[in-house]
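Numbering (the numbering used here) for the sequence shown: 2 to 184. Virtual Cβ for every residue (Gly too), placed ideally from N, Cα, C.
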Amino acid sequence: HIFPDQSWKREVLWSMINLSINSDVHNLHYDVKPLNIPFSRDDHNPVQIHGYCNGIVCLIEGDNVLLCNPSTREFRLLPNSCLLVPHPEGKFELETTFHGMGFGYDCKANEYKVVQIVENCEYSDDEQTYQHCIAYPYTAEVYTTATNFWKEIKIDISSSIHPYPFSVYLKGFCYWFATDGEE
């Protein structure tokens with residue numbers, strides 16, 4: 002991220018670096034080619050890398066999820082989550098929080114998949130403006146590149162388990178670290 006001239010207008014700088022070594026002279030040569038990633042630049046959301054597999058990178062900016070192949074300069078902005086719940090009107094407020102994301106390749110289906118773990122909390126104000134949170138069970142969704150949409154999937158995670166947002170993809174499976182209270 003670059004903040005030019007101390008202004009808060011952010012410019013996102015992504016580049017593809019090609020390295021080559023000339024064995025005769027032992028020099029390192031490189032070419033830097035800018036990548037124009039189609040994220041909005043008006044918000045103050047950081048761009049995060051949430052996984053990579055076979056040269057494809059999964060990027061997040063705010064609620065936007067993007068799959069990027071830097072070598073071919075191809076991008077795919079994923080559709081909105083199917084688990085985002087609209088805010089109800091009135092005294093209660095519902096908040097959707099993403100608690101984990103995984104990205105990997107399904108060799109049986111021959112497609113890439115993105116998995117998100119989501120928690121919804123309902124907040125209510127009493128007369129003393131104290132907010133009380135009611136946490137609903139975790140839900141999850143999977144995006145497949147073949148269908149280009151999200152589908153809700155069933156998971157069994159206790160509300161006391163708190164998964165970390167990043168995953169590790171290994172041999173066809175996404176793994177998350179999680180904590181159970183103080184453990």
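Worksheet item: Given that a residue counts as buried once 16 or more other Cβ atoms are within 10 Å of its Cβ, and exposed if not, what is Gly101?
Response: buried
Worksheet item: Just to confirm, are Ala141 and Gln117 a CB contact at a threshold of 8 Å?
Response: yes
Worksheet entry | Local conformation of Ala110 per DSSP, three classes | coil
Discussion item. Which residue wins for smallest C-alpha separation from Gly56, given the options Pro47, Val119, Ser72, Arg77?
Written reply: Ser72
Worksheet item: If you run the structure through DSSP and keep just helix, strand and coil, what is Gly103?
Response: strand
Worksheet item: For Pro138, which option in Tyr144, Ile154, Asn149 has the closest C-alpha, if you only look at C-alpha atoms?
Response: Ile154
Worksheet item: When the Cα of Val115 is compared with those of Cys122, Phe99, Arg74, which residue comes out closest?
Response: Phe99
Worksheet item: Can you tell me the Cα-Cα spacing of Leu85 and Glu112, whole angstroms?
Response: 24 Å
Fill in: Cβ distance (whole Å) where Thr97 is taken to contact Asn121 below 8 Å
5 Å
Worksheet item: Considering only residues of the same chain and omitting the five flanking positions on each side of Ile168, which have a CB-CB separation below 7 Å?
Response: Correcting the residue type first, residue 168 is Ser in the shown sequence and not Ile. If we look at Ser168 and ignore the five residues flanking it on each side, its Cβ neighbours are Gly52, Gly101, Met102, Gly103, Cys175, Tyr176, Trp177.
Item to complete: Excluding the 5 residues preceding and the 5 following Leu78 in the sequence, name in chain order all residues of the same chain whose CB lies nearer than 8 Å to its CB.
Response: Pro39, Asn65, Val66, Leu67
Discussion item. Which of the three DSSP states is assigned to Tyr137 in this structure?
Written reply: coil
Discussion item. Cutting at 7 Å between CB atoms, please list the residues of its own chain near Tyr106, excluding the five before and the five after it.
Written reply: Cys54, Asn55, Tyr113
Worksheet item: With DSSP run on the structure shown, which of helix, strand or coil describes Gly63?
Response: coil
Practice prompt. Select from Ile156, Phe150, Asp157, Cys69 the residue whose C-alpha is nearest the C-alpha of Cys199.
Written response: The chain is shown from 2 up to 184; residue 199 falls before or after that span and cannot be answered.
Item to complete: Work out the CA separation of Val119 and Cys69 for me, nearest whole Å.
Response: 23 Å
Worksheet item: Does the separation of the CB atoms of Cys108 and Gly173 fall below 8 Å?
Response: yes
Worksheet item: Does DSSP put Thr145 in a helix, a strand or coil?
Response: strand
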